[in-house]
Every structure is written in C-alpha cells, then in structure tokens.
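Participant: Residue numbers for the sequence shown follow this note's numbering, so the first one is 47 and each next one is one higher.
Each residue gets a CB set at the ideal place from its N, CA and C atoms; glycine is no exception.
Since the structure is predicted, the reported quantities are computational estimates derived from the model, not experimental observations.
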Amino acid sequence: MDVTLRPLNNDNAEFKQLHKWCKNKFVYEWFEQRVLSYDEIVKKYRNKLLKNKQKLFIIQYKNKDIGLVQIYKFKNDINLDELDYFKNIYEYDLFIGEEEYLSKRIGTNTVQLINQIIYYEYLADAIILRPFKRNIRAIKCYEKCNFKPIADYDGKDTLGNPEIISVLLNTKKH
Ligand SMILES: CC(C)(COP(=O)(O)OP(=O)(O)OC[C@H]1O[C@@H](n2cnc3c(N)ncnc32)[C@H](O)[C@@H]1OP(=O)(O)O)[C@@H](O)C(=O)NCCC(=O)NCCS
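#1: How about F193: is its Cβ closer than 7 Å to a heavy atom in ligand 1?
#2: If you follow the alpha helix (DSSP H) that Y166 is part of, which residue opens it and which one closes it?
#3: With respect to the beta strand (DSSP E) encompassing Y188, which residues constitute its N-terminal and C-terminal limits?
#4: May I ask whether a heavy atom of ligand 1 can be found less than 7 Å away from the beta carbon of K66?
#5: Any heavy atom of ligand 1 within a distance shorter than 7 Å of the CB on D203?
#6: Quick check: what's the CA-CA separation for Q162 versus T156?
#7: From what residue to what residue does the alpha helix (DSSP H) around A59 run?
#8: Between N100 and E167, what straight-line distance do the alpha-carbon atoms span, to the nearest angstrom?
#9: Looking at the structure shown, is L169 part of a helix, part of a strand, or coil, going by DSSP?
#10: Grouping DSSP H, G and I as helix and E and B as strand, with all else coil, what is L102?
#11: Is the CB-CB distance between Q116 and R52 below 8 Å?
#12: Mind checking whether F103 and I174 have CB atoms under 8 Å apart?
Right, here's the structure in full:
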C-alpha cells in the first residue's frame, strides 16, 4: 500500500519536521491558527508522547514522511444522544504537511487506513471527526470515506474565536 503509518519518534529530527509542516498556513489555519515556535512544538509533542493519551503517527506516502495523525478516545462533551448507543468511540485529527501531496486522494486513502486500525486494533464501534464546517476539502475527503454529518455546533478555535464545528460519524457497519 502507498500510504503507511509509523509511530512518531521522540527526537529532534522529528520535531523539526513537524515544525516545518506546522508553519504552513494550509496546516495551521485548521489546527493552531498561529505559527508555533520550534520550542512550542517540542513541548507540545513531547508532552503528548509522555502522556500517551493520544497515539501519534507519521503518515508516509511511498515511504516519504508527509504528515501526522493523532488518534484518541472520543469524549462525548457535546452531549449528542445518538452517540450514547456506541461503547467505544475514537476520534482523530490529521494533516498532510507537504503541499504537493494535497488534494491527490492521499487523504482519502489515509483516512481509510486509520479507520481500519481503529476498528480492528482498537476495537472501536464508531469514529467521530470534528472539522471546522468551512474546511470543505477535509469534509469532502471524510464523506468519501463514509463519514456522515450528524450535527453542527458553535465551538471555538484554539485562539478562542467562534467557529462552527461539524460532527461527522462513521460506524463499523460500513
Ligand atoms: C484534509 C486532508 C487530510 C484531506 O486530504 P487530501 O489528500 O487533500 O484530500 P483528498 O484529495 O483525498 O480529498 C479531497 C477532496 O476535496 C476536493 N477539494 C479540494 N479542495 C476543494 C475545495 N476548495 N472545494 C471543494 N472541494 C475541494 C478534492 O477535489 C477532493 O475530491 P475528489 O477526490 O472528489 O476530487 C488534507 O487536505 C490536509 O491535510 N489539509 C490540511 C490540514 C487539514 O485541513 N486537516 C484536517 C483538519 S480537520
């Protein structure tokens, strides 16, 4: 398969690469809404690796590092009753950090791969994704992978600015 995942390493070369990717507007506009310094990147990802609450993987395309995914248990902090039915829901965030790899259906293949891992290794029964509603490209990619929009809510970006968030659900049946 052209798309593979490998665990993120706790080393400077890895953090440098993340810093380079996260400086791109097409990444940070959907994540941090600002450029993080190298030290902020190291602190952020080192903490995540140490806490081990999120599983962090580098996305590779034909063995080249092109992006990141962080996978974690979904907490129903938005009180959507229809999610009560599920017992083990996961959520994730991903980005492709190399511009020339965007909009080439690599995201679609990556999402399908991540879903397989979540269903068959983490034994989830559903997956939630929560992009900004105006992130048309991401939503189109997720819908191609059988994610269905189930709600929108008024949220905030990481700077505290208002942002409409879409909730998309994928269930194991698909
Ligand atoms: C979101 C992301 C992972 C999707 O991966 P991708 O490889 O770019 O997406 P794909 O090519 O698989 O699918 C995107 C679809 O949206 C379409 N698209 C792209 N830009 C679009 C636009 N401005 N308006 C409408 N459709 C658009 C593409 O044509 C493609 O559809 P198609 O396969 O039917 O042609 C990737 O774009 C990315 O990392 N973006 C930056 C960070 C980000 O937004 N992360 C998600 C946060 S929730």
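Facilitator: This is what the structure holds:
#1: Answer for F193: no, Cβ out of range of ligand 1.
#2: Looking at the DSSP string, the run of the alpha helix (DSSP H) that includes Y166 is I152 to Y166.
#3: For Y188, no beta strand (DSSP E) segment is defined; the enclosing uninterrupted segment is the alpha helix (DSSP H) at I182 to K190.
#4: Every heavy atom of ligand 1 is 7 Å or more from the Cβ of K66, so no.
#5: Checking every heavy atom of ligand 1 against the Cβ of D203, none is found closer than 7 Å.
#6: Using only the alpha carbons, I get a separation of about 10 Å.
#7: First-last of the alpha helix (DSSP H) with A59: N58 to C68.
#8: Per the sequence shown, residue 100 should be read as Gln rather than Asn. When rounded, the separation of the alpha-carbon atoms in Q100 and E167 is 15 Å.
#9: Coil at L169, not helix or strand.
#10: Three-state DSSP puts L102 in a strand.
#11: In this structure, R52 does not lie closer than 8 Å to Q116 by Cβ.
#12: The Cβ atoms of F103 and I174 lie no closer than 8 Å to each other.
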